[in-house]
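Working notes, structure below.
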Amino acid sequence: MKKILGGVIFFVVFILFTLSGHAASVVEDHPIDSSSDIIINEDELARNLDYRKAFSLDQNEENVLRIMKHKEYQNSIEIYGVALSDKELKEMNIRSNLLKEAVAIKKPGKEWSKIFAGVYMDHEHGGVINIGIVDIESNMEITKKISTYFTNGDRIRFFHANLTEEELENLQDRLNELMSRDNLNINYTDISIPNNKVIVGIDHYDEKVIDSILSIDPQNIEVKVDSIKIEDNNRNAKTRPLVGGLAIDRDVGDGYVAICTGAFSAKVWGPTSKQDVHFYITAGHCGDIFSEWEQGGSTIGYMSKRNYGGNSDVGAIEIYSSDSSYKLYEGKSSDLEFSRYQYASDDVIGDNVCMSGRKSGNVCGKIVSRNLSFTQNGVLFTNIRSATFSGMPGDSGAPVFNQQSRDSAHERTIYGVFKGDVSYSDGHKERIYSQVEYIFSDLNINEIIVN
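With mature numbering (1 follows the signal peptide of the UniProt record, and there is no 0) applied, the sequence shown covers -23 to -1, 1 to 428.
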């Protein structure tokens, strides 16, 4: 009997975000079908409640159970990962549309690019888009032009900022350089768009260290003392071609098996299409170069590309071209399809995002950060994304995705590859993933297989 080895890695960094109270929830008044035979277990209920907390939807357990058991409320699961009432689904679709419109104002070359300080959605106050503008009082005309990009102008708010988003990123880069050299005992950095600051986490209170960090830019840096734990983290039937979200394993000796999840297929172009090299992408921490991988009890290939550090934690298992696929596992013949991948500049804090892991299945949440940076095992990671969806050991390497405006009902846009969990000192968790455009460049991949 083989034993399971989760390959868990721990280290200490610090927290930026904590969950706060939520605003009034969206409550459904639709009559409930009490004859439904849908059975809900505790894990499913907890997952639904976590999602609802993140998006400030109705969290009354009795109401949520009724919604989860209602046959007519199951259609939302494919997009949002949870059952939503008609009213809630309408509300989430409005928010989703606002977030998609927000991507357009982030594009470079806009007349406000030099004063743009970032954008995020505030779900606690009813799904409001907040946009930072440097010296806002002098740029009110610009705010009017930006507002025209949105169909729901009453849900757009602007706030004053000292630094542009690019300036915040440059400031974070300076601090990351200090962190990489192990100067000033910095454990992590992040960017808070709402506060227009770079957040720096340190081990313990040390006035000299804090003064040294703040001396770099006292107005735009916030130092926090807190601790978090990051854990690098059933779809076992043989499946070919290799769709995204399948369970993959490698024998590590002494009867142990390392378990992870495959994300999507990609390739490097050869002199001719017949000489293209195809890969199945997963997390880099799952294995080393030349490690052998199986799916469904059969060997699929060896990891021949790997990046662990910088902007990604990713590995590429070389596979037969006939095994590559643009599909995403959904447990039925009409599996979802990957249509395209997301550019690193296009994600928005507050956006809905999903993950398909071997242990957790298809789960969804919201993006919390685009700029989490930290050191792990002496290696600096930068621009890692964090989100609120659930995850379990073995989900590492899973595809992270969402449905975008150009996607049909069965299409999804690839956002990235799941890395692991972030456990905060107050007890709540978030998940972290490598953004797909960085994966593209870090592995020197020419093409991701999409429909």
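For every residue, glycine included, the Cβ atom is placed at its ideal position computed from N, Cα and C.
The structure displayed is predicted, hence computed values, not measured ones.
Per the Cβ contact rule, the stretch 370 to 381 is in contact with the stretch 256 to 270 (3 or more Cβ pairs under 8 Å). Minimum Cα-Cα distance from K48 among the listed residues Q319, V291, S62 corresponds to S62.
In this structure, Y97 lies near V325, with their beta-carbon atoms less than 8 Å apart. Secondary structure note for Y285: its beta strand (DSSP E) is the uninterrupted segment 275 to 286. Between V186 and N162 the beta-carbon gap is near 6 Å, inside 8 Å, which marks them as a contact. Beyond the five residues adjoining it in sequence on each side, K282 comes within less than 6 Å, by CB distance, of A293, L420 in the same chain, given in chain order. The three-state reading of DSSP puts V413 in helix, counting H, G and I together. Secondary-structure assignment with DSSP links Y97 through a beta bridge to N107, I326. If you look at N360, you'll find it in the beta strand (DSSP E) that goes 356 to 364.
Looking from the CA of V175, the closest CA among Y233, G338, P195 belongs to P195. Residue range 376 to 379 is occupied by the beta strand (DSSP E) that includes F378.
Less than 8 Å separates the beta-carbon of R362 from that of Y410. CA-to-CA, the gap between Y126 and S73 works out to about 14 Å.
The three-state reading of DSSP puts Y28 in helix, counting H, G and I together. Counting along the chain, the unbroken beta strand (DSSP E) around Y165 starts and ends at 163 to 169. For Q272, the enclosing beta strand (DSSP E) begins and ends at 269 to 272. Nearest to E142 by C-alpha distance, out of S189, N107, F93, is F93. Put simply, of H102, H405, S124, I422 the residue whose alpha carbon is nearest the alpha carbon of G109 is S124.
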